[in-house]
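Enquirer: Sharing a structure here in C-alpha cells format.
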Amino acid sequence: GAGVSQTPSNKVTEKGKYVELRCDPISGHTALYWYRQSLGQGPEFLIYFQGTGAADDSGLPNDRFFAVRPEGSVSTLKIQRTERGDSAVYLCASSLTGEEGYTFGSGTRLTVV
Amino acid sequence: RKEVEQDPGPFNVPEGATVAFNCTYSNSASQSFFWYRQDCRKEPKLLMSVYSSGNEDGRFTAQLNRASQYISLLIRDSKLSDSATYLCVVNWSGGSYIPTFGRGTILIVHP
Chain H
9 GAGVSQTPSN KVTEKGKYVE LRCDPISGHT ALYWYRQSLG QGPEFLIYFQ GTGAADDSGL
69 PNDRFFAVRP EGSVSTLKIQ RTERGDSAVY LCASSLTGEE GYTFGSGTRL TVV
Chain C
103 RKEVEQDPGP FNVPEGATVA FNCTYSNSAS QSFFWYRQDC RKEPKLLMSV YSSGNEDGRF
163 TAQLNRASQY ISLLIRDSKL SDSATYLCVV NWSGGSYIPT FGRGTILIVH P
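So the sequences go chain by chain: H and C.
Numbered continuously in our numbering, the first sequence closes out at residue 121.
Numbered continuously in our numbering, the second sequence closes out at residue 213.
As C-alpha cells, then:
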C-alpha cells in the first residue's frame, strides 16, 4: 500500500480481555517495528521483524505480549489478559533497510477499562 | 541513564526566532540518526536524517557530534506551523538496527 495502515484506530477493552492489533506495512518493506507510546513520552520499542522472523523482541514487557508476521507482510500484535497499564497508543513502522528512516502508521489507541 | 536523552521543554519562541535542540545518546556504536516531528495525537513523521558532515533542508539544519555523542537540530525563522514535538532517533547495529527514540522536545512558536 501507499502507507502503513493500522487497524483498529481505537480499541476499548475490558481488563482481562484479549486484543489483536493489526499492521499492514508499505509493500516491499521487509523491516517492521512495533512501538507503544504513552502521553508525554517517546515511542518505546517492543519488537522488530525482519521478514517473517522476530529479529529482536527484547522490548516486549512480559509474556502477555506476542507478535507474529507469518507471511512477511502484515503483522499482528496480540495482548492477553489486558491490564489498565497496557493503555497507550500502539504504533507500527516499516522500513526498507532501516538506514533511510521509518514510516509510521497512525497507530491504535488502546484503552483498557 | 536513558539511552537517548532530550530536554522535554517546552521551548516557547516568537515567530521568526532561531531555536536549537540537542539530543545525547549513550551507545557509541550508534550508526544512524534522525529527527522526527510529531504533531498532537498524530504519528511521528521523518523530518530529516542526520549525516556526519551535517546537513541542511531549508530552514532546518542537523548536526552530529560523534566525539561528544550528541545530535542537534537548528530551526531558523520559526513559523507557527513548526509547533510540534521533535523526536530524536538513534539506532545501532548489534546485528540489527533498533531505532531508539528520545522522549521528544516540545516547541511552541507564538505570534
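Virtual Cβ for every residue (Gly too), placed ideally from N, Cα, C.
This one's a predicted model, so the numbers in the text were calculated from it and none came from an experiment.
1) Whose CA, out of H:121, H:22, H:82 and H:53, lies closest to the CA of residue 29 (chain H)?
2) Kindly indicate if chain C contains any beta-carbon less than 8 Å away from that of residue 114 (chain H).
3) I need the boundaries of the beta strand (DSSP E) containing residue 151 (chain C), first residue and last residue.
4) Mapping the DSSP letters down to three states, classify residue 166 (chain C) as helix, strand or coil.
5) In chain order, what residues of the stretch 177 to 188 of chain C put their CB closer than 9 Å to some CB of chain H?
6) For a contact meaning CB atoms closer than 9 Å, what does residue 53 (chain H) contact in chain C?
7) Please name the residues in the stretch 91 to 102 of chain H whose beta-carbon is closer than 7 Å to at least one beta-carbon of chain C, in chain order.
8) For residue 94 (chain H), is the classification buried or exposed, using 16 other Cβ atoms within 10 angstroms of its Cβ as the cut-off for buried?
9) Indicate whether residue 53 (chain H) and residue 67 (chain H) have their beta-carbon atoms separated by less than 8 Å.
10) Does DSSP put residue 35 (chain H) in a helix, a strand or coil?
11) Once you ignore the five residues that flank residue 179 (chain C) on each side, which residues in its own chain have a CB closer than 7 Å to its CB?
12) The beta strand (DSSP E) that contains residue 5 (chain H), what's its start and end?
13) Chain C partners of residue 41 (chain H), CB-CB under 9 Å?
14) Which chain H residues are close to residue 145 (chain C), counting only those with a beta carbon under 8 Å from its beta carbon?
15) Which word fits residue 70 (chain H), buried or exposed, when buried means at least 16 other C-beta atoms lie within 10 angstroms of its C-beta?
16) Under 8 Å between beta-carbons, which chain H residues line up against residue 134 (chain C)? List them in chain order, please.
17) Using a beta-carbon distance cut-off of less than 8 Å, what residues from the stretch 146 to 173 of chain C approach chain H?
Expert: Here's the rundown:
1) Translated into positions along the first sequence, residue 29 (chain H) becomes position 21. For residue 29 (chain H), the nearest C-alpha among the options comes from H:82.
2) Position 106 of the first sequence, counted from the start, is the residue given in the question as residue 114 (chain H). Yes, residue 114 (chain H) counts as interfacial toward chain C.
3) Within the second sequence, residue 151 (chain C) is the residue found at index 49, counting from 1. Taken as a continuous stretch (DSSP letters only), the beta strand (DSSP E) holding residue 151 (chain C) covers 147 to 151.
4) By one-based count along the second sequence, residue 166 (chain C) stands at place 64. Residue 166 (chain C) falls in the strand class under three-state DSSP.
5) 187
6) Here residue 53 (chain H) refers to the residue found at position 45 of the first sequence. In chain order: 200, 201, 202 and 203.
7) 99
8) Mapped onto the first sequence, residue 94 (chain H) falls at position 86. Looking at its Cβ environment, which holds 16 or more other Cβ atoms inside 10 Å, residue 94 (chain H) is buried.
9) To locate residue 53 (chain H), count along the first sequence from 1; it is residue 45. To locate residue 67 (chain H), count along the first sequence from 1; it is residue 59. Cβ atoms of residue 53 (chain H) and residue 67 (chain H): closer than 8 Å.
10) Numbered from its first residue, the first sequence carries residue 35 (chain H) at position 27. Residue 35 (chain H): coil per DSSP, three-state reduction.
11) Here residue 179 (chain C) is taken as the residue at index 77 of the second sequence, counted from 1. Only 118 and 161 meet the Cβ criterion.
12) No statement about residue 5 (chain H) is possible, as the shown extent of chain H runs from 9 to 121 and does not include it.
13) Residue mapping note: residue 41 (chain H) aligns to position 33 of the first sequence, counting from 1. What residue 41 (chain H) touches in chain C: 200 and 201.
14) Position 43 of the second sequence, counting from 1, holds the residue named residue 145 (chain C). By Cβ distance, chain H contributes 99, 112, 113, 114 and 115.
15) Looking up residue 70 (chain H) in the first sequence gives position 62. When all chains shown are included, residue 70 (chain H) counts as exposed.
16) Taking the second sequence and counting its residues from 1, one reaches residue 134 (chain C) at position 32. In chain order: 106 and 107.
17) 146, 147, 148 and 151
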